[in-house]
Amino acid sequence: MNRFTSLLFGSNTTLGSLALRVPVGIILAAHGAQKLFGWFGGYGLEGTGQWMESIGLAPGFLMALLAGSAEFFGGLFLLIGLLTRPAALVSAFTMLVAIFSVHIDNGLFMANNGYEFGLALFAATLALTFQGAGRISVDNIIAEKLSTNR
3 MNRFTSLLFG SNTTLGSLAL RVPVGIILAA HGAQKLFGWF GGYGLEGTGQ WMESIGLAPG
63 FLMALLAGSA EFFGGLFLLI GLLTRPAALV SAFTMLVAIF SVHIDNGLFM ANNGYEFGLA
123 LFAATLALTF QGAGRISVDN IIAEKLSTNR
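Convert by adding 2 to the 1-based position in the sequence shown; the result is the number in this note's numbering.
The following block contains the structure:
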């Protein structure tokens with residue numbers, strides 16, 4: 003594999019990434035589905051966009067589309083382990099925006115709408131950015147195929 007494909011698909015070959023990818027992928031995809039489609043009690047793009055506009059993230063509809071897409075598609079990609087590093091990086095950035103634009107003034111704890119949940123998701127996605135998808139992943143299948151085709 004060349005350096006770019008190794009960076010994109012390569013990872014450690016442990017199962018630790020799987021333990022992070024699956025629950026974090028489910029959580030992110032569900033939160034993205036709330037924003038994009040109004041599933042699971044969410045407000046969909048219109049409602050989420052109006053709320054984002056009200057807190058100063060403008061244009062609200064575009065911000066809702068970007069955040070919802072990063073969470074939904076990033077979560078699905080993490081879940082199956084496809085393009086894990088870029089999906090995790092985008093998700094980590096999305097969590098930083100959520101922490102600093104919505105939750106930071108409320109302190110740490112979720113009971114006060116604080117940033118602890120966003121911080122946990124940020125830490126998990128940052129770890130996946132560094133370590134990759136792991137042994138059981140689409141990325142690993144692609145990496146193996148690329149290395150045997152050389």
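Note that the Cβ used here is the ideal one computed from N, Cα and C, for glycine as well.
Legend entry - Validate contact between the segment 109-117 and the segment 125-145 using beta carbons, cut 8 angstroms, 3 pairs: Contact between the segment 109-117 and the segment 125-145 is absent, because fewer than three Cβ pairs lie under 8 angstroms.
Inset, instruction - Given a cut-off of 8 angstroms, decide if glycine 136 and glycine 197 are closer than it, judged by their beta-carbon atoms. - result: As displayed, the chain neither begins before 3 nor continues past 152, which places residue 197 out of reach and without an answer.
Legend entry - Entirely enclosed alpha helix (DSSP H) segments - the segment 57-112, minimum 4 residues: Runs of the alpha helix (DSSP H) lying entirely within the segment 57-112, each at least 4 residues long, are 62-82, 86-100 in chain order.
Inset, instruction - Can you give me the start and stop residues for the alpha helix (DSSP H) that glycine 34 sits inside? - result: Its alpha helix (DSSP H) spans residues 18-39.
Legend entry - Under 8 angstroms between C-beta atoms of leucine 85 and threonine 131: Annotated as distal: leucine 85 and threonine 131, with beta-carbon spacing of 8 angstroms or more.
Legend entry - Cutoff 7 angstroms; reference valine 104; Cβ partners in own chain excluding five residues on either side: Same-chain partners within the cutoff: Ile57.
Legend entry - Closest by C-alpha distance to aspartate 141, when choosing among Phe6, Leu10, Arg5, Asn4: Looking at the Cα atoms, Leu10 is the closest of the given residues.
Inset, instruction - Have a look at Val99, Ile106, Glu55 and flag the residue whose alpha-carbon is nearest the alpha-carbon of glutamate 73. - result: Taking only the C-alpha atoms, the option nearest glutamate 73 is Val99.
Legend entry - Simplified DSSP assignment, three categories, for isoleucine 143: Isoleucine 143 sits in a helix when the DSSP states are folded into three classes.
Inset, instruction - Starting from alanine 135, trace the alpha helix (DSSP H) both ways and give me its first and last residue. - result: Alanine 135 -> no alpha helix (DSSP H), and no H or E assigned at all.
Legend entry - Sequence-distant residues of the same chain with beta carbon closer than 6 angstroms to isoleucine 138, five excluded per side: Excluding residues up to 5 positions away in sequence, Leu20 lie with their Cβ nearer than 6 angstroms to the Cβ of isoleucine 138 in the same chain.
Inset, instruction - Measure the C-alpha to C-alpha separation of leucine 59 and glycine 34 and round it to an integer number of angstroms. - result: Near 17 angstroms, if we compare the C-alpha coordinates of glycine 34 and leucine 59.
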